[in-house]
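In terms of this note's numbering, the sequence shown is residues 324 to 534.
Note that the Cβ used here is the ideal one computed from N, Cα and C, for glycine as well.
Below: the structure, in structure tokens.
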Amino acid sequence: MIGSGWLELLGVGAALGLAAGLSPGPLLALVVSQTVRHGPREGLKVAAAPLITDAPIVLVSVLVISRLESDAVLGLIALAGGAFVAFIGVENLRTTRLVVDGGERTPRSWRQGATVNALSPHPYIFWATVGAPVLLSAWSIGPAGPLAFLLGFYACLVGSKVAVALAVGASRGTLTGGAYRWVMRTLGAVLLVFAALLVREGLVLLGVLAG
């Protein structure tokens, strides 16, 4: 079993968090998108979304999904997430100029980031299949075990996305005119691809498509 000590669990959490944080996905694409459109501050808000939404996700995964093993629940979540990500992708494709903070539209980065993260099946799948077993095993050394795992995981999960937002924000001033439109349309296309993948995953989980 994973976790002979809290230092090992801290390292396991950090490794898993870093891998999850830098893996291509709708939340990472949204971090970049909001940073480009509204500045690093909004990208940082999206990066922090797991800190807002993951507590109930962990509880649902451990107490409900892991027991019921309901593919239908995950499938419906994936379909809803795909629809929302597609909506954001279309908005990016329609963007023609740089939106500055204080303009006519509110970024709503907290809401968008939290919604994308909550409607993605990946956190649920992770906690039901990997995170929850590690946490249960970690209790064998006391409360310090789960706390070390969670600290390492979220420090690297959120920290990696923060680093991406800061890196993109540092070059944001050059993203104007045609270059800006190209970046936003690329991000919009990426989000639409992720939306399609989420929809396909949902249909597979619901048994409509073969895996």
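Spatial neighbours of Ala461 in its chain, beta-carbon cut-off 6 Å, leaving aside the 5 residues before and after:
In the sequence shown, the residue the question calls residue 461 occupies position 138. Once the five neighbours on either side are set aside, the close Cβ partners of Ala461 are Gly326, Leu332, Gly468, Pro469, Phe472.
Quick one: what does DSSP say Ala401 is sitting in, helix, strand or coil?
Walking along the sequence shown from the start, residue 401 turns up at place 78. Ala401: helix per DSSP, three-state reduction.
With DSSP collapsed to three states, give me the class of Gly336.
As a working mapping, residue 336 is identified with position 13 in the sequence shown. It is helical.
Identity of the residue in Val359, Leu382, Val439, Val513 nearest Leu458 by Cα
Counting from one through the sequence shown, the residue named residue 458 turns up at place 135. When each option's Cα is compared against that of Leu458, the closest is Leu382.
Do Ala403 and Val487 have their CB atoms nearer than 9 Å?
Within the sequence shown, the letter at position 80 stands for residue 403. Within the sequence shown, the letter at position 164 stands for residue 487. Cβ distance not < 9 Å, so Ala403 and Val487 don't count as in contact.
Going by other Cβ atoms of all chains shown within 10 Å of its Cβ, with 16 needed for buried, is Gly436 buried or exposed?
What you label residue 436 is simply residue 113 of the sequence shown in a count that begins at 1. Burial call: buried.
Ordered along the chain, which non-local residues of its own chain (more than five positions away) have a Cβ less than 7 Å from that of Gly425?
Locating residue 425 in the sequence shown gives position 102, where the first residue counts as 1. Caution is warranted here: a pLDDT of 44 is assigned to Gly425, below 50, making its placement in the model unreliable, and the coordinate value is therefore given only provisionally. No residues qualify anywhere along the chain.
Verify whether the separation of the beta carbon atoms of Leu416 and Ala512 is less than 9 Å.
Counting from one through the sequence shown, the residue named residue 416 turns up at place 93. Counting from one through the sequence shown, the residue named residue 512 turns up at place 189. Going by C-beta atoms, Leu416 is nearer than 9 Å to Ala512.
Buried or exposed by the 16-neighbour rule on C-beta atoms within 10 Å, applied to Gly475:
Start at 1 with the first residue of the sequence shown, and residue 475 comes out as number 152. With 16 or more other Cβ atoms within 10 Å, it is buried.
In its own chain, which residues sit with a C-beta less than 6 Å from the C-beta of Val441, not counting the 5 before and 5 after it?
Looking up residue 441 in the sequence shown gives position 118. Note that residue 441 is Ala in the sequence shown here, rather than Val. Correct list, in chain order: Thr376.
On the criterion of 16 or more Cβ atoms from any shown chain inside 10 Å, does Val354 qualify as buried, or is it exposed?
Here residue 354 refers to the residue found at position 31 when the sequence shown is read from its first residue. Burial call: buried.
Check Gly328 in the structure and name its three-state DSSP category.
Taking the first residue of the sequence shown as position 1, residue 328 is located at position 5. It is coil, neither helix nor strand.
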